[in-house]
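Chemist:
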Amino acid sequence: MVNIMQKIYAVCEKALQTGDLSKEEILLMLNCPDENSDIIFQTADIIRKKEVGDEVHLRGLIEFSNFCRKNCEYCGIRGKNKTIERYRLTEEQIVDTAVKSEKLGYRTVVMQSGEDPYFTASRIAEIVKVTKEKTDLAVTLSVGEFSYDDYKIMKDSGADRYLLRFETSSEELYKALHPDSDFRERLQCLQDLRALGYQVGSGFMVGLPGETMEILADNLLLLQKLDVDMAGIGPFIPNEDTSLAGENGGTLINALKAVAITRMLLRNAHIPATTAMGTLDPKGREMALQSGANVVMPNVTPQEYREMYLLYPNKICLTDDPAHCRGCITGKIHGIGRTVSKDHGHTLKHR
Ligand code: 5AD
Ligand code: SF4
Ligand code: FES
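At position 267 of the sequence shown (counting the first as 1) the number is 266 in numbering that gives the first Met the number 0, and the numbers step up by one without a gap.
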């Protein structure tokens with residue numbers, strides 16, 4: 000044990016200087032006994048402060064449709080789930096939500112939905128265009144897989160960023176969980192987005208059934224290889240309405256380790272303290288912010304639609320409205336001695 004901890008201290012020491020860590024070094028940290036993991040979180044916190052400072056960037060998340068043509072095994076809004084009510088905000092409602100978010104002090108909105116056939120690239124492009132005309136917001140899209148040409152239509156309309164998690168780096172596990180997607184195509188989407196000049200976010204879930212520490216280490220190395228501008232990581236939380244209902248979920252500590260190691264590997268990338276972390280523990284997002292994260296994505300979806308966008312159960316903020324969440328999260332950020340950024344929070348990477 001002493002020996003293992005000495006090795007982990009040495010890796011942390013090295014990480015302060017460089018993000019060039021080997022898979023073995025990453026695995027050492029992932030396998031660190033939970034009760035001794037603080038050194039990993041503290042090291043990531045130091046690197047976070049040095050690379051991106053104390054400011055936390057807020058992104059207002061608009062969940063504008065829960066229709067989805069896909070059937071990812073873990074997801075509560077998968078197309079074949081007949082037990083949930085479906086909703087779709089109108090184009091006007093989406094723009095209106097963005098305008099209101101700016102009034103609440105957000106500088107970025109993330110427009111997210113299932114893969115809803117109604118929202119074609121040109122419809123989404125129109126929404127982005129009008130939002131850009133009416134506001135000074137940065138716009139991030141998180142609407143799934145499209146062709147290069149469709150991504151181009153959305154980019155040309157003014158979208159700044161795009162989030163598309165690769166979910167897992169294991170092609171085999173990816174296949175088992177995604178009956179209607181292909182791992183290679185997913186990576187191609189990420190490449191297309193980069194080529195088109197989007198600031199690209201990707202990431203994965205921690206603790207998917209069948210995930211090993213090896214796979215988790217490879218997830219981290221894939222994020223580094225993709226050199227993403229943003230890295231979103233959250234624990235898998237089993238959903239009752241899916242085939243994975245009886246499985247174990249990911250743990251907060253493993254998700255925090257993944258966030259911390261991501262900070263070590265990616266240096267100045269933006270890393271959110273995800274809603275899924277806040278769902279596992281009331282202090283989950285604060286813990287993530289103190290373990291490498293520098294972004295929070297509060298929900299700005301009008302309150303009446305929130306409980307229909309249930310990717311996983313017990314999601315936080317379901318009964319709260321956008322103004323409440325804005326105040327709540329600011330309090331949490333100040334409570335840990337950090338500040339809320341006033342700028343757009345664009346990527347810090349120079350390309
Ligand atoms: N638990 C945790 N995260 C989930 N997501 C989807 N379903 C779940 C779940 N059951 C995540 C996926 C997706 C993101 C929008 O939400 O990683 O990319
Ligand atoms: Fe649809 Fe995304 Fe859920 Fe998959 S994870 S079923 S693509 S909303
Ligand atoms: Fe929504 Fe705290 S962020 S209630």
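The beta carbon of each residue, even a glycine, is placed where N, CA and C say it ideally should be. Note that the coordinates shown come from a computational prediction; the quantities given were computed from them, not determined experimentally.
Please report how far the alpha carbon of LYS341 lies from the alpha carbon of ALA175, in whole angstroms.
Modeler: As a working note, residue 341 is residue 342 in the sequence shown. As a working note, residue 175 is residue 176 in the sequence shown. Rounded to whole angstroms, LYS341 to ALA175 spans 42 Å at the Cα level.
Chemist: Hey, does LEU219 have any beta-carbon neighbour from chain C nearer than 8 Å?
Modeler: Protein chains in the displayed structure number just one, and chain C is not present.
Chemist: Determine the direct distance from the alpha carbon of ASN238 to that of CYS74, and round the result to whole angstroms.
Modeler: The residue labelled residue 74 in the question sits at position 75 within the sequence shown. The residue labelled residue 238 in the question sits at position 239 within the sequence shown. Spanning the two alpha carbons is a distance of roughly 7 Å.
Chemist: Beta carbon of GLY233: closer than 7 Å to some heavy atom of ligand 1?
Modeler: Along the sequence shown, one-based indexing puts residue 233 at 234. Yes; taking the cut-off as 7 Å, the Cβ of GLY233 has a heavy atom of ligand 1 nearer than that.
Chemist: Looking at C-beta atoms only, is the number of pairs between the stretch 207-214 and the stretch 156-164 that lie closer than 8 Å three or more?
Modeler: Because the criterion of three Cβ pairs below 8 Å is not met, the stretch 207-214 and the stretch 156-164 do not touch.
Chemist: Provide the residue span of the alpha helix (DSSP H) that contains PHE40, from first to last.
Modeler: The residue given as residue 40 occupies position 41 in the sequence shown. 37-51 is the extent of the alpha helix (DSSP H) around PHE40.
Chemist: To which residues does DSSP link ALA230 through a beta bridge?
Modeler: Along the sequence shown, one-based indexing puts residue 230 at 231. DSSP lists SER201 as partners of ALA230.
Chemist: Which value, in whole angstroms, describes the spacing of the CA atoms of THR338 and THR329?
Modeler: Position 339 of the sequence shown, counted from the start, is the residue given in the question as residue 338. Position 330 of the sequence shown, counted from the start, is the residue given in the question as residue 329. If you take the alpha carbons of THR338 and THR329, they lie about 8 Å apart.
Chemist: Nearest to GLY209 by alpha carbon, out of GLU132, GLY249, ILE123?
Modeler: Position 210 of the sequence shown, counted from the first residue, corresponds to residue 209. GLY209 has its Cα closest to that of GLY249, out of GLU132, GLY249, ILE123.
Chemist: Taking only three categories from DSSP, how would you classify ASN80?
Modeler: Here the question's residue 80 lines up with position 81 in the sequence shown. Three-state DSSP puts ASN80 in coil, outside helix and strand.
Chemist: Quick check: VAL94 and LYS154, are their CB atoms within less than 8 Å of each other?
Modeler: The count along the sequence shown starts at 1 and reaches residue 94 at position 95. The count along the sequence shown starts at 1 and reaches residue 154 at position 155. No. Outside cutoff.
Chemist: With C-beta atoms as the reference, is GLY143 less than 8 Å away from GLU114?
Modeler: Here residue 143 corresponds to residue number 144 of the sequence shown, with the count starting at 1. Here residue 114 corresponds to residue number 115 of the sequence shown, with the count starting at 1. Yes. Within cutoff.
Chemist: Can you check which of these residues, PRO234, LEU309, ARG183, LEU140, is closest to THR366 by C-alpha distance?
Modeler: As displayed, the chain neither begins before 0 nor continues past 350, which places residue 366 out of reach and without an answer.
Chemist: What residue does the beta strand (DSSP E) around ILE61 start on, and which one ends it?
Modeler: Walking along the sequence shown from the start, residue 61 turns up at place 62. It spans 59-64 - the beta strand (DSSP E) in which ILE61 sits, taken as one unbroken run.
Chemist: Does the Cβ-Cβ distance between ILE432 and LEU15 come in under 8 Å?
Modeler: Examination of residue 432 is not possible in this model, given that the chain is present from 0 through 350 alone.
Chemist: Could you tell me which uninterrupted alpha helix (DSSP H) segments, each at least 4 residues in length, are contained entirely in the stretch 157-217, listed from first to last along the chain?
Modeler: The qualifying runs are 170-176, 182-194.
Chemist: Check whether the Cβ of GLU303 sits closer than 7 Å to any heavy atom of ligand 1, and report yes or no.
Modeler: Position 304 of the sequence shown holds residue 303. Every heavy atom of ligand 1 is 7 Å or more from the Cβ of GLU303, so no.
Chemist: Using the Cβ count rule (16 or more neighbours within 10 Å means buried), how would you classify ASP217?
Modeler: If you number the sequence shown from 1, residue 217 lands on position 218. ASP217 is buried by the Cβ-count criterion.
Chemist: Residues in the same chain with beta-carbon distance under 6 Å from CYS11, minus the five sequence neighbours each way, listed in chain order, please.
Modeler: By 1-based counting over the sequence shown, the position of residue 11 is 12. Hits under 6 Å: ILE38, THR42.
Chemist: I'd like to confirm something about HIS323: is its beta-carbon nearer than 7 Å to some heavy atom of ligand 3, or not?
Modeler: Counted from its first residue, the sequence shown places residue 323 at position 324. Checking every heavy atom of ligand 3 against the Cβ of HIS323, one is found closer than 7 Å.
Chemist: I need the DSSP call for THR241, collapsed to helix, strand or coil.
Modeler: The residue given as residue 241 occupies position 242 in the sequence shown. Here THR241 sits in coil by DSSP.
Chemist: According to the neighbour-count rule (16 or more other Cβ atoms, all chains shown, within 10 Å of its Cβ), is GLY291 buried or exposed?
Modeler: Taking the sequence shown and counting its residues from 1, the one referred to as residue 291 is at position 292. Classification for GLY291: buried.
Chemist: Tell me, which residues are paired with LEU140 by DSSP?
Modeler: Along the sequence shown, read from residue 1 onward, the residue named residue 140 stands at position 141. Bridge partners of LEU140: MET110, TYR161.
Chemist: Starting from PRO321, follow the alpha helix (DSSP H) in both directions and report where the run begins and ends.
Modeler: Along the sequence shown, one-based indexing puts residue 321 at 322. 321-334 is the extent of the alpha helix (DSSP H) around PRO321.
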